[in-house]
Structures are given as structure tokens and as C-alpha cells.
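Each remark here refers to the structure printed beneath this line.
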Amino acid sequence: MTEISMQYLGMKLSSPIVVSATPLSESIANIRHMEDAGAAAIVLASLFEEQLTLESRALDEDLSRGTESYAESLGYLPEMGNYRMAHEGYLDHVRRAREAVKIPIIASLNGATPGGWVRFAREMEAAGAHAIELNTFALVTDGRQTSTQVEDQLVELVGRVVKEVTVPVAVKLSQSYTSLPHLCGRLEEAGARAVVLFNRFYQPDFDIETLEVRPTLHFSTPAELLPRLHWAAILFGHLEGDISITGGVHAAEDVLKAVMAGGSVVEMASALHLYGIDHIRRVLGDLRFWLEQREYATLAETRGCLSRRCVPDTSPYDRGNYIKTLSSYSLRQTKGAF
Ligand SMILES: Cc1cc2nc3c(=O)[nH]c(=O)nc-3n(C[C@H](O)[C@H](O)[C@H](O)COP(=O)(O)O)c2cc1C
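In C-alpha cells, the structure reads:
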């Protein structure tokens, strides 16, 4: 049988399929189901910087209200037992997930600015997380903020989280950085052990009748995989750490493409929402079948075989491809017209 285990974040995973952060893993029954279906690891849904900051502020306010007043006002002091905060519930969930399954549990922190909230990474580790995935969704709306400032802030944030923990930290990135290879190099220097390509942007849509701006969340399609493949193929060989691909991985073919581009693992969410958790089993079956038919001994040997570093002609990855693709399209279109 073809060996499909992969190394990720210093761990040997039984397969390349990791469950991406999604509310599906908020249930322990689902977490067990994911392991049964063949998931190699599970990234839990994120705990957000905003949640953590809000909680700390509420706690601080309550505490100072109590201490600044007269003695009798000590009655205002919050019952610490009532502070069953979001993060406590989260840590409890990490502990229960750890007990429920043998596969690695990766806790997820989601934030954009370095701050006191990063200390929760340490609590996640103490609760049993095998690794931390830091989702760095930053959206710049302030015209005075430069791209260098945004990147510096990100690197500082990653460095701060890495310092909090001894477990490996993976950084989930947005796609829209000017020089991704340079930035990923800096993130590695700051201690990141993997990059996760990419966050999906949940762009608001317009209702032109009511003139409202509405948040939208659509599940992905495999078409979203292409920019991830492109960047993984460019980054492979330039980074010491691992590459994980998330966004548009629905079928075995997508997993193979991701690994051939240079990914160690894929992280799936939409396909599990669309087709159910057992979909993992089907994808793994198809993956094994494909590799066996072509007599590959291991999945790992295919890693990076279509990366920019390994293909004889790099032009499909470079600017030349852009020109070629556009010009070939216009030739095709105009052919019938003459
Ligand atoms: C309902 C839903 C909730 C999600 N919640 C989170 C989250 O809490 N943290 C996070 O990093 N990503 C979150 N994501 C993003 C997914 O983890 C994943 O990276 C993204 O959807 C791309 O993978 P896909 O194409 O397989 O869906 C969420 C996605 C969905 C669909």
C-alpha cells in the first residue's frame, strides 16, 4: 500500500489531510468522526484577538471599579467563577479534544496586532495543543499605513507568539502581500515553522435595492486552489519550514496538486461542510488509488515535483506566462472572425 504519511510542524502525520479551522470541530463528536474518517490533524476554530482583548478589558474594568471604591463596594468585585470567558471555554475544548482523539490538535489564534492577547498561545499549549496556528487576517483601511509597517507588525506579532510557546507555530497568511517570498523568509526568522496559504477573504457584497453592504460567506470551489498552488510552487525550496495549503482543496486531485506544488499538507473546510466529514475517507481512498495506479511508493516523493525549482521551464510561474496566456487567448478568440 502506498505510504501517504507526511511530516508537518515536526510531526509525522498519517496523511496529508488536516481539518482546517471551522465550527465543525466545535463538537467533540465531530472531532472523533474526523479522526475515524482519516483526518491526520485538526485545527480548531479560532479564538480572536478581539474576543480576548474585550475579555481582558471587561475584567480590568470590573476589578478597578471594585478597588477604587469604598470597602463596601468590594461587593462589586466580579465573582471570578462567573468569568467563564470565551478563552476558558476554548481551553476546555482543547483539553477535551486532546482526550477524545490521538491525532494532533492544533489551536488557532486569530489576530492582527501584537498585544497582551498573545499570551493565550501559552495557555493553549498548556491545555494540550500540539501546535498553534496563527491566523493573521489584517485588512488595512488606513491610507497612512504603509506595506512595510503592515509587514513589520506581522513579523513582530509572529515573534511574540513564538516566544510564548515551545510548540511549533504555523502562520496562516493572506494572499495580498507584495513580496511574499521575502515576507515568508522574515516570518521564518521570527520563528514560524510553517506558512498556511491562504486565508480566504470574506468580502462584503452590495444589495443594490436596499443600498446595504452585507457580509457574505460562500464555501470555496476548487478554482480557488490555483493561486495557492502558484505561490506554494514559488516558495517551495526557498523556505526551511513547511507549507500548508488551504482554500479550494475538495478532491484527491487537489491534494496531489498541492503536494506536487510543495505543500506538506492541505487543510480542508468547505468540502467537509458541503459533503460531510466522511468525505475525508473518500478523498484518501482516491488519493491512494491514484498513487498505486502510477506505482508511487510514497506520497512524499511527489512533494515539490511541480514546484518552480523543479520544473525545467519556469515560465509558467513567471511574468512570461501572464503575457503568453493573454495573447494565446486573444488569438483563439479572433481566429473565427477572419
Ligand atoms: C464556516 C467557516 C468558518 C471558518 N472559521 C475559521 C476560523 O475560525 N479561523 C480560521 O483561521 N479560518 C476559518 N475558516 C477558514 C477555513 O479554515 C479555511 O482556511 C478556508 O475556508 C479555506 O479552505 P476551504 O476552501 O477548504 O474552505 C472558516 C471557514 C468556514 C467555511
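Per our numbering, residue 23 is the first one in the sequence shown, and the count goes up by one each step.
Just so it is clear, CB atoms sit at the ideal spot from N, CA and C, and this is done for glycine as well.
Owing to the predicted nature of the structure, the values given are computational and were not obtained by experimental measurement.
Alpha-carbon to alpha-carbon, residue j and residue i
i    : j    : result
L202 : M146 : 28 Å
A62  : E155 : 15 Å
L309 : S49  : 27 Å
H295 : L46  : 8 Å
N52  : T44  : 11 Å
Y199 : L261 : 17 Å
I125 : I64  : 8 Å
M23  : A319 : 8 Å
L321 : M28  : 8 Å
G165 : Q175 : 16 Å
V235 : S169 : 27 Å
L69  : T158 : 12 Å
L205 : L278 : 26 Å
T347 : S337 : 11 Å
G88  : G32  : Only weak support exists for where G88 lies, its pLDDT of 46 falling under 50; the value from the coordinates is given anyway. Going from the Cα of G88 to the Cα of G32 covers about 47 Å.
F183 : E77  : Residue 183 is actually Val in this sequence, not Phe. When rounded, the distance between both Cα atoms is 19 Å.
L313 : L74  : 45 Å
G60  : E25  : 14 Å
A291 : Y297 : 10 Å
S329 : A153 : 27 Å
E71  : W139 : 6 Å
I256 : T232 : 44 Å
R316 : T188 : 40 Å
F311 : P249 : 26 Å
V116 : G133 : 19 Å
Burial state of residue i, where buried means 16 or more other Cβ atoms lie within 10 Å
i    : result
I230 : exposed
A216 : buried
R341 : exposed
C327 : exposed
I345 : exposed
P15  : Coverage of the chain is limited to positions 23 through 360, which leaves residue 15 absent and any answer about it impossible.
S42  : buried
D335 : exposed
R222 : buried
F228 : exposed
G285 : buried
H240 : exposed
D114 : exposed
E323 : exposed
V162 : exposed
S37  : buried
S349 : exposed
G270 : buried
G263 : buried
L251 : buried
Y30  : buried
A212 : buried
Nearest residue (CA-CA) to residue i, options the options
i    : options                   : result
A274 : L306, A43 and P334        : L306
V288 : I265, R54 and R215        : I265
A283 : M290, C332 and Q167       : C332
S130 : R141, F223, A122 and V123 : R141
T135 : D335, E77, S349 and E173  : E173
L35  : I127, Q315, W253 and L233 : I127
R120 : T268, G150, R144 and R182 : G150
A254 : L209, V281 and G60        : V281
V177 : L195, V189, V187 and P190 : L195
V123 : T268, D58 and W312        : D58
V193 : R118, L219, R250 and Y112 : L219
Q225 : T232, E211 and S242       : S242
R54  : Y351, A160, I302 and G111 : I302
A67  : Y112, S329 and M56        : Y112
E246 : G259, V180, G207 and T268 : T268
R144 : A160, V191, Q171 and A108 : V191
L209 : Q197, G181 and K185       : G181
Beta strand (DSSP E) runs wholly inside the region 209-274, at least 3 long, in chain order: Fully enclosed beta strand (DSSP E) runs of 3 or longer: 216-219, 227-229, 234-236 and 264-268.
Whole beta strand (DSSP E) elements within the region 153-210, 3-residue minimum: Qualifying beta strand (DSSP E) stretches, in chain order: 153-157 and 191-195.
Any heavy atom of ligand 1 nearer than 7 Å to the CB - residues listed: In chain order, the qualifying residues are S42, A43, T44, P45, V65, A67, S68, S130, N132, E155, N157, K194, N221, R222, L239, F241, S242, E246, T268, G269, G270, V271, E289, M290, A291, S292, A293 and H295.
Minimum length 4: unbroken alpha helix (DSSP H) runs contained in the region 289-320: If only complete runs of 4 or more residues are kept, the region 289-320 shows the alpha helix (DSSP H) at 292-297 and 301-315, in order along the chain.
4-residue-minimum alpha helix (DSSP H) runs that sit fully inside the region 47-75, ordered along the chain: Within the region 47-75, the complete alpha helix (DSSP H) runs of at least 4 residues are 50-59.
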